[in-house]
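Residue numbers (our numbering): 3 to 331.
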């Protein structure tokens with residue numbers, strides 16, 4: 003009888019431990035991108051017209067993108083084509099999706115400012131290795147360019163936007179694609195990876211680089227790293243956001259790449275997000291700038307750089323006018 007009672011107590015103890023672990027995981031999951039999940043913030047698909055799962059290339063596996071166009075743009079009467087933001091999701095190249103809370107939060111402000119937004123999926127590691135993901139992004143952009151006239155999109159005014167793994171893919175496209183069918187006016191990187199050599203050295207803590215590359219070969223990592231890629235033409239302005247507490251992609255590697263870009267494009271900016279970790283998970287800390295301030299800065303950056311070599315048109319909302327929109331968003 004005593005043995006059975008001890009067994010029951012042991013089972014109960016382990017059940018309590020298991021329940022505690024599950025609760026911790028749930029709380030952690032809620033904290034990830036917690037800043038974006040505000041009760042009064044709509045899903046992007048509810049405030050924009052959307053065509054979902056448009057295939058590109060062979061349309062295999064993840065080779066699809068969603069395309070959002072504004073329903074109501076306060077400052078754009080749409081007498082000219084929409085400028086475009088192309089968003090590339092993060093997830094360590096082995097997970098993630100084109101529909102997520104980050105896109106909802108920032109995409110809804112961009113469509114309100116008059117942008118169309120394309121959100122791209124790509125085939126994932128470890129089933130697919132580098133450069134599959136890079137090639138998928140390039141093929142998706144080719145398809146978007148071919149369909150642009152059907153959606154009244156201006157391929158001469160495109161902003162690339164990526165977070166984490168998607169940041170690397172966006173940066174790589176700008177640095178390596180020589181025959182692009184679009185004109186990239188700016189690149190926005192949220193805690194994007196730029197040095198895969200450094201990431202491989204952190205493999206025990208973060209195996210994502212190895213999953214992406216499929217090898218620990220340093221030469222392959224250098225070729226795939228924006229930090230070491232040759233810059234053969236003047237790049238567009240870059241806007242970097244990076245958390246000072248990021249333990250996945252160090253802020254030092256991001257800033258090193260920023261300094262390199264700055265030599266070619268002095269209009270680039272690097273913004274440290276104080277107390278933020280990777281994904282801007284503040285884990286209860288107060289971040290500075292806040293998610294609302296980041297959203298404002300991102301939108302103004304995109305508006306500033308479209309039509310950057312042309313006189314202002316109705317497709318371009320000036321930062322002064324955009325301030326009105328953002329103050330009322």
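Don't be surprised by glycine CBs; every beta carbon is placed ideally from N, CA and C.
Here the structure is a predicted model, which is why all the values come from computation and not from measurement.
When the five nearest sequence neighbours on each side are left out, the beta carbons in the same chain lying within less than 7 Å of the beta carbon of residue 227 are those of 196, 197, 198, 199, in order along the chain. Spanning the alpha carbons of residue 273 and residue 260 requires a straight line of approximately 10 Å. CA-to-CA, the gap between residue 275 and residue 58 works out to about 35 Å. By the C-beta density criterion, residue 66 is buried, having at least 16 other C-beta atoms within 10 angstroms. Note on residue 89: 16 or more other CB atoms within 10 angstroms of its CB, so buried under the neighbour-count rule. With respect to the 7 Å criterion, residue 100 and residue 136 are not classified as neighbours on the basis of their beta carbons.
Under the three-state reduction of DSSP, residue 51 is assigned to strand.
Under the DSSP definition of a beta bridge, residue 290 partners with 276. Judged by beta-carbon spacing, residue 240 lies beyond the 7 Å limit of residue 288, meaning their Cβ atoms are not closer than that value.
In the three-state DSSP reduction, residue 169 falls in the helix class (H, G or I). About 5 Å separates the beta carbon of residue 242 from that of residue 191, a gap short enough to meet the 8 Å contact definition.
Note that the C-beta distance between residue 167 and residue 94 is below 7 Å. Per DSSP, the unbroken alpha helix (DSSP H) holding residue 220 starts and ends at 220-226. Distance from the CA atom of residue 52 to the CA atom of residue 222, rounded to whole angstroms, is 38 Å.
Distance check between residue 151 and each of 86, 134, 210, 309 places 86 closest, using alpha-carbon atoms only. Note on geometry: alpha-carbon atoms of residue 61 and residue 47 lie some 22 Å from one another.
Apart from the 5 residues on each side of it in sequence, residue 258 sits with its Cβ closer than 8 Å to the Cβ of 196, 197, 229 in its chain, given in chain order. DSSP, reduced to helix, strand and coil, places residue 265 outside both helices and strands of the structure shown, so it counts as coil. For residue 186, DSSP records a beta bridge to 160.
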